[in-house]
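In order, the protein sequences belong to chains A and B. If you read the first sequence in this note's numbering, its first letter stands for residue 1, the second for the next number, and so on. If you read the second sequence in this note's numbering, its first letter stands for residue 1, the second for the next number, and so on. Structure first, commentary second.
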Amino acid sequence: MIDYVIANENVILAALSQHIMLALVPIVLGALIALPIGFLAVRYGWLYHPLLNVSGLLYSIPSLALFLIIPGIIGTKILSPINIIVALTVYTVALLVRVVADGLRSVDGIVTQAASAMGYRRIRRFFEVELPIALPVMLAGLRVATVANISLVSVGALIGVGGLGALFTRGLQLRYLDPIIVGIVLSVLLAVLCDLVIVLVQRRLTPWTRVKGRS
Amino acid sequence: MIVRLATDTPYLLDPENWTDSAVTSIPELIGTHLLYTALALVIAAAIAIPVGLFIGHTGRLAFVAINAGNVGRSLPTLGLISFLVVLIGGGLFPALIALVILAIPPILTSTYAGLRAVDPAAVDAARGMGMRELQTVFTVEVPMALPLMMSGLRNAALQVVATATVAAYVGLGGLGRLLVDGLALNQYDRVVAGAVLVAALAILIDLLAELLQRVVVSPGVSGRAVTRRARVAHPSPLTEVSSGTAA
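What follows is the structure, given as structure tokens:
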């Protein structure tokens with residue numbers, strides 16, 4: 001195992017960095033897209049159910065299928081990394097729209113009324129009152145999306161771009177466990193690490209959630 | 001989008017591929033895919049539901065149920081499949097094990113969460129009425145936990161459908177064959193046919209599971225009965241729980 005890692009350090013590091021890129025770019029894009037959509041779903045109540053139904057359907061599409069349908073829709077090459085990024089962005093948006101909408105809906109009406117009475121206008125009230133209150137729910141969703149994305153990236157190896165997934169296909173071809181184990185361990189560690197980072201960010205951003213005795 | 005995909009994909013629309021005589025007949029692939037999915041789900045449910053009920057009812061080993069979800073989600077499916085294939089060897093067996101392993105966490109976690117969300121007063125009332133422990137579990141806790149348990153089964157089904165597609169790479173039959181073989185042969189229309197069919201199958205299963213959920217969940221639990229009888233403003237607490245965690 002150690003020998004394998006030492007001998008293939010460069011391959012593993014390249015796979016890892018591609019993995020990180022393929023997993024995290026969609027998270028950022030997805031969060032940026034989901035935020036306004038989730039806001040609209042709450043602002044215009046009639047949009048809520050249709051939007052959630054569509055997200056639910058999108059989320060149920062298997063990853064390998066989505067990776068391969070996307071080039072047919074947006075016209076990229078079938079082996080392009082953009083397909084993976086777009087597909088994972090779709091999943092992230094589908095998951096986060098619901099979370100953003102539910103988070104914003106959980107904000108107590110009395111709080112928003114109080115903010116309005118204090119002179120907060122719509123936009124400022126959204127960013128300074130509603131968003132912070134909804135943040136714990138949203139970040140919980142972001143954790144799920146991040147962990148799911150990190151594990152999904154490796155499926156991309158079947159179409160040639162899969163970060164650590166390349167180690168799995170190589171291990172399969174060579175009937176050799178070492179690269180597979182290294183890939184699984186790194187993928188899981190990456191997921192745990194990103195999860196931890198989001199938890200720490202949440203603690204910093206929402207210190208009031210700890211006051212009640214909840215960690 | 002669907003129209004464009006369909007016109008771009010002679011493979012999907014070629015009637016030849018839908019007949020039984022074709023080498024990879026589409027109905028047969030769908031059947032195989034469903035068979036593996038059902039098999040993996042049944043085995044996973046047979047393992048995860050009893051364990052989940054035990055943990056949820058007794059509260060013992062709760063960390064197992066809580067962490068199972070996270071572990072299951074972070075485990076790369078292709079990695080698990082490759083690992084099992086290299087470890088055990090070719091054939092159906094390792095791929096099926098992978099499907100079962102990946103279907104267990106969502107069922108286990110949601111069964112546990114469903115039981116935990118049951119109002120303890122209802123459980124106490126059942127005990128006060130003289131019900132035995134097992135009776136309490138199956139006549140009080142399970143019906144009230146069903147919405148969450150069903151959404152766990154639904155997630156597991158989707159997970160299995162998706163993973164079975166990936167498992168075509170190690171030789172498992174089913175619709176994934178179209179994707180993997182199409183890629184290997186550079187036949188994009190075959191790939192798209194497979195992708196569209198897999199997506200449609202997953203969406204169909206999702207919708208059917210939702211329908212099933214409505215049928216099996218007692219109206220008293222889902223809140224439908226309350227709104228029908230009298231417009232009382234206290235829907236069942238469970239409906240909120242289930243909609244909140246289904247994501």
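No residue lacks a Cβ here, since even glycine has one placed at the ideal position from N, Cα and C.
Per-residue DSSP class, three states only, for Arg203 (chain A): Within the first sequence, residue 203 (chain A) is the residue found at index 203, counting from 1. Per DSSP, reduced to three states, the secondary structure at Arg203 (chain A) is helical.
task: Tell me whether the beta-carbon of Tyr11 (chain B) lies closer than 7 Å to the beta-carbon of Arg190 (chain B).
output: Working through the second sequence from its first residue, we reach residue 11 (chain B) at position 11. Working through the second sequence from its first residue, we reach residue 190 (chain B) at position 190. Taking 7 Å as the cut-off, the beta carbon of Tyr11 (chain B) is found closer than this to the beta carbon of Arg190 (chain B).
query: Counting Cβ pairs closer than 8 Å, one from the stretch 137 to 149 of chain B and one from the stretch 102 to 112 of chain B, do we hit at least three?
result: Three or more pairs of CB atoms, one per stretch, sit closer than 8 Å, so the stretch 137 to 149 of chain B contacts the stretch 102 to 112 of chain B.
field: Selected residue, minimal CA-CA separation from Leu29 (chain B), among B:Gly174, B:Ala48 and B:Gly72
entry: Counting from 1 along the second sequence, the entry for residue 29 (chain B) is found at position 29. Closest by alpha carbon: B:Gly174.
- prompt: For the alpha helix (DSSP H) that Glu128 (chain A) lies in, which residues bound it at each end?
  reply: Taking the first sequence and counting its residues from 1, one reaches residue 128 (chain A) at position 128. In the DSSP annotation of this structure, Glu128 (chain A) is not part of any alpha helix (DSSP H), being labelled neither H nor E.
task: Could you spell out where the alpha helix (DSSP H) holding Asp3 (chain A) opens and where it closes?
output: Here residue 3 (chain A) refers to the residue found at position 3 when the first sequence is read from its first residue. Per DSSP, Asp3 (chain A) belongs to the alpha helix (DSSP H) from Ile2 to Ala7.
- request: Would you mind stating whether Leu135 (chain A) and Thr206 (chain A) have Cβ atoms separated by less than 7 Å?
  value: Counting from one through the first sequence, the residue named residue 135 (chain A) turns up at place 135. Counting from one through the first sequence, the residue named residue 206 (chain A) turns up at place 206. In this structure, Thr206 (chain A) lies closer than 7 Å to Leu135 (chain A) by Cβ.
query: If you count every other CB in all the chains shown that lies within 10 Å of the CB of Gly72 (chain A), and 16 or more means buried, which is it?
result: Along the first sequence, read from residue 1 onward, the residue named residue 72 (chain A) stands at position 72. Here Gly72 (chain A) is buried. Its C-beta has 16 or more other C-beta atoms within 10 Å.
message: Cutting at 6 Å between CB atoms, please list the residues of its own chain near Gln202 (chain A), excluding the five before and the five after it.
response: As a working mapping, residue 202 (chain A) is identified with position 202 in the first sequence. Leu139, listed in sequence order.
task: Please go through the same chain and pick out, in chain order, the residues whose beta-carbon is closer than 7 Å to the beta-carbon of Pro26 (chain A), but skip the five residues on each side of it.
output: If you number the first sequence from 1, residue 26 (chain A) lands on position 26. Ile85, Leu88, Thr89, Thr92 and Asn149.
query: In chain order, what residues of the same chain lie with their CB nearer than 8 Å to the CB of Leu68 (chain A), ignoring the 5 residues before and after it?
result: Locating residue 68 (chain A) in the first sequence gives position 68, counting from the first residue. Spatial neighbours of Leu68 (chain A) in its own chain (CB-CB distance under 8 Å, excluding positions within 5 residues in sequence) are listed in chain order as Ile78, Asn83 and Ile159.
- request: Can you give me, in chain order, the residues of the stretch 176 to 195 of chain B that have a beta carbon less than 8 Å from any beta carbon in chain A?
  value: So the close ones are Gly176, Leu179, Val180, Leu183, Tyr188, Val191, Val192, Gly194 and Ala195.
query: So is Phe168 (chain A) in contact with chain B if we call contact Cβ pairs under 7 Å?
result: Within the first sequence, residue 168 (chain A) is the residue found at index 168, counting from 1. Yes, Phe168 (chain A) counts as interfacial toward chain B.
message: Among A:Ile12, A:His19, A:Tyr59 and A:Met1, whose alpha-carbon lies nearest the alpha-carbon of Ala199 (chain B)?
response: For the purposes of this step, residue 199 (chain B) is taken as residue 199 along the second sequence, with counting starting at 1. Proximity to Ala199 (chain B) across A:Ile12, A:His19, A:Tyr59 and A:Met1 peaks at A:Tyr59, based on C-alpha coordinates.
- prompt: When the Cα of Asp206 (chain B) is compared with those of B:Gly152, B:Ala193, B:Thr139 and B:Gly171, which residue comes out closest?
  reply: Here residue 206 (chain B) corresponds to residue number 206 of the second sequence, with the count starting at 1. For Asp206 (chain B), the nearest C-alpha among the options comes from B:Gly152.
message: Using 8 Å as the cut-off, can you tell me whether the stretch 126 to 135 of chain B makes contact with the stretch 156 to 170 of chain B, which would need three or more C-beta pairs spanning the two stretches below that distance?
response: These segments do not touch.
- request: Return the CA-CA distance between Leu13 (chain A) and Phe83 (chain B), expressed in angstroms with no decimal places.
  value: The residue labelled residue 13 (chain A) in the question sits at position 13 within the first sequence. The residue labelled residue 83 (chain B) in the question sits at position 83 within the second sequence. Leu13 (chain A) and Phe83 (chain B) have their C-alpha atoms some 20 Å from each other.
task: Assess, as a yes-or-no matter, whether the stretch 91 to 100 of chain B is touched by the stretch 32 to 47 of chain B under the definition of 3 or more beta carbon pairs within less than 8 Å.
output: Yes, since at least three Cβ pairs between the stretch 32 to 47 of chain B and the stretch 91 to 100 of chain B fall closer than 8 Å, the two stretches touch.
- prompt: CA-CA distance, Ala230 (chain B) and Gly223 (chain B)?
  reply: Position 230 of the second sequence, counting from 1, holds the residue named residue 230 (chain B). Position 223 of the second sequence, counting from 1, holds the residue named residue 223 (chain B). Bear in mind that a pLDDT of 49 at Ala230 (chain B), under 50, signals an unreliable position, so the number given afterwards is only what the model happens to contain. A direct Cα-to-Cα measurement between Ala230 (chain B) and Gly223 (chain B) gives close to 11 Å.
task: Report yes if the C-beta distance between Val42 (chain A) and Leu96 (chain A) is below 7 Å; otherwise report no.
output: On the first sequence, residue 42 (chain A) is found 42 positions in, with the first residue counted as 1. On the first sequence, residue 96 (chain A) is found 96 positions in, with the first residue counted as 1. Annotated as distal: Val42 (chain A) and Leu96 (chain A), with beta-carbon spacing of 7 Å or more.
task: Inspect the beta-carbon positions of Ala95 (chain B) and Leu158 (chain B) and report whether they are closer than 7 Å.
output: Within the second sequence, numbered from 1, the residue matching residue 95 (chain B) stands at position 95. Within the second sequence, numbered from 1, the residue matching residue 158 (chain B) stands at position 158. Ala95 (chain B) places its beta carbon 7 Å or farther from that of Leu158 (chain B).
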